[in-house]
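Novice: Residue numbers (the working numbering): 142 to 271.
(1) By the 10 Å Cβ neighbour count, where 16 or more other Cβ atoms means buried, how is residue 194 classified, buried or exposed?
(2) Beta-carbon within less than 7 Å of residue 271's beta-carbon, same chain only, minus the 5 sequence neighbours each way: which residues are those?
(3) On the DSSP bridge list, what partners appear for residue 212?
(4) For the alpha helix (DSSP H) containing residue 228, list its first residue and its last residue.
(5) With H, G and I counted as helix, E and B as strand and the rest as coil, what does DSSP make of residue 187?
(6) Would you say residue 168 and residue 250 are within 8 Å of each other, going by their C-beta atoms?
(7) In the DSSP output, which residue or residues are listed as bridge partners for residue 236?
(8) For residue 264, which residues of its own chain have a beta-carbon under 7 Å away from its beta-carbon, when the five flanking residues on both sides are left out?
(9) Would you call residue 223 buried or exposed, if buried means 16 or more other Cβ atoms sit within 10 Å of its Cβ?
(10) Does the beta-carbon distance from residue 260 to residue 253 come in below 8 Å?
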């Protein structure tokens, strides 16, 4: 009987931990535009680097207006949408909305932050190669 109580407690604790799949939403703010050679890029070149990076990772990028892209990532039944304001000197990646990512009170499914980190690395790689 005592073993049953311990086992039940272990099952409940494991289930509680498994439910901890959310983390604070990570945004990227004013990341500097840098190239490997130190060359200054135009705003259009920055936009093109962001679009290339996103496309390579499955993001659909649309220009909402000059200096503002909207990126959408559809993975299975999950959707993440971000705003990407940019200039010739910097860019940001900001949470906009999501579907099936458990967003609530500044928290979101932990995979979202990984997708944003991958996008940021991709953008930086594209900028560096420009």
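Ideal Cβ positions, reconstructed from N, Cα and C, are used throughout, including at glycine.
Specialist: Checking against the coordinates, here is how it stands:
(1) Of the residues assessed, residue 194 falls on the buried side of the cut-off, its CB having 16 or more other CB atoms within 10 angstroms.
(2) Scanning its chain for C-beta atoms nearer than 7 Å, with the 5 sequence neighbours on each side dropped, one finds around residue 271 the residues 176, 182, 186, 190, in chain order.
(3) According to DSSP, residue 212 shares a beta bridge with 202, 223.
(4) No alpha helix (DSSP H) holds residue 228; DSSP gives it neither H nor E.
(5) Helix at residue 187.
(6) Contact flag unset, no.
(7) Partner(s): 223.
(8) Cβ neighbours of residue 264 beyond the five flanking positions: 190, 191, 194, 232.
(9) Burial is judged here by how many other beta carbons sit within 10 angstroms of a residue's own beta carbon; residue 223 has at least 16 and is buried.
(10) Against a cut-off of 8 Å, the Cβ pair of residue 253 and residue 260 comes out as no contact.
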